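Here's the structure, in structure tokens; my notes come after.
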Amino acid sequence: MLNRELLGPSLFLALFTLYAIVAWQIPLLPFEEYETVTSATLPKVYAAFGIIVCLLSIGATLLKPTAAVDEDNALEKSHVLRTIGLLILMVIYSAALEPIGFLISTSAFLLVGFFVMGERRKAILLLASIPVAVVFWFLMTQVLGIYLVPGNLWS
Numbered sequence: 001m002l003n004r005e006l007l008g009p010s011l012f013l014a015l016f017t018l019y020a021i022v023a024w025q026i027p028l029l030p031f032e033e034y035e036t037v038t039s040a041t042l043p044k045v046y047a048a049f050g051i052i053v054c055l056l057s058i059g060a061t062l063l064k065p066t067a068a069v070d071e072d073n074a075l076e077k078s079h080v081l082r083t084i085g086l087l088i089l090m091v092i093y094s095a096a097l098e099p100i101g102f103l104i105s106t107s108a109f110l111l112v113g114f115f116v117m118g119e120r121r122k123a124i125l126l127l128a129s130i131p132v133a134v135v136f137w138f139l140m141t142q143v144l145g146i147y148l149v150p151g152n153l154w155s
């Protein structure tokens with residue numbers, strides 16, 4: 001009975017559980033000892049809320065009649081491979097961000113990511129990746145004044 005409706009919440013439950021373990025280990029600053037709201041309060045609330053939502057989602061999926069689970073919802077090998085490909089692409093993107101910079105690495109990440117997801121039209125690939133990265137870079141650096149790494153390749 002492993003399908004997308006059960007796999008997603010189960011993975012998020014594992015992530016939120018790990019997040020909760022880390023959140024409960026946040027040390028308090030000396031002046032926060034007797035405060036009601038501390039630097040660890042919001043992470044603990046996020047973790048608890050995430051775990052509750054995941055458990056409700058898993059419970060609703062398990063309580064659903066088996067006839068309601070259709071064949072279209074079954075986990076296919078191509079979907080798993082596509083997901084693994086995107087995870088590998090994210091790791092490569094994070095490694096390429098510093099050396100080649102935000103604009104080139106983000107444009108390449110979006111372009112290859114759309115290709116992995118099944119888009120094959122060159123015009124759509126280019127128009128959905130490069131302008132999005134340039135507009136995002138412009139908004140972050142020029143409008144909001146946030147520093148985005150230009151890359152070591154150019155210096």
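Take 1 as the starting number for the sequence shown in full-length UniProt numbering and just add one per residue.
Where a beta carbon is used, it is the ideal one built from N, C-alpha and C, also for glycine.
Nothing here was measured: the structure is a model prediction, and the numbers come from that model.
| Query | Result |
| --- | --- |
| For glycine 50, which residues in the same chain have their Cβ closer than 6 Å to its Cβ, ignoring the five residues on either side in sequence? | Phe16 |
| Compute the Euclidean distance between the alpha carbons of valine 69 and methionine 117, then round it to the nearest angstrom. | Reliability of the predicted coordinates at valine 69 is poor, the pLDDT of 49 falling under 50, and the value obtained from them is presented with this limitation in mind. Spanning the two alpha carbons is a distance of roughly 24 Å. |
| Give me the Cβ distance between cysteine 54 and leucine 13, rounded to the nearest whole Å; I'm assuming they're in contact under 8 Å. | 4 Å |
| Is glutamate 35 buried or exposed, if buried means 16 or more other CB atoms sit within 10 Å of its CB? | exposed |
| What's the call for asparagine 152, buried or exposed, on a 16-neighbour Cβ count within 10 Å? | exposed |
| Evaluate the contact criterion for the stretch 31-45 versus the stretch 94-102: three or more CB pairs, one atom per stretch, below 8 Å. | no |
| Could you name the residues of the same chain whose beta carbon sits closer than 7 Å to that of glycine 113, not counting the 5 residues immediately before and after it, in chain order? | Leu86, Leu89 |
| What is the residue span of the alpha helix (DSSP H) that isoleucine 101 lies within? | Per the sequence shown, the amino acid found at residue 101 is glycine instead of isoleucine. Neither: glycine 101 is in no alpha helix (DSSP H) and is coded neither H nor E. |
| Go ahead and label glutamate 33 buried or exposed: buried means 16 or more other beta carbons lie within 10 angstroms of its beta carbon, across all protein chains shown. | exposed |
| How close, in whole Å, do the beta carbons of leucine 110 and alanine 96 come, if the pair is a contact with beta carbons under 8 Å? | About 13 Å; that fails the 8 Å criterion. |
| Going straight from the alpha carbon of tyrosine 147 to that of alanine 60, what length do you get? | 44 Å |
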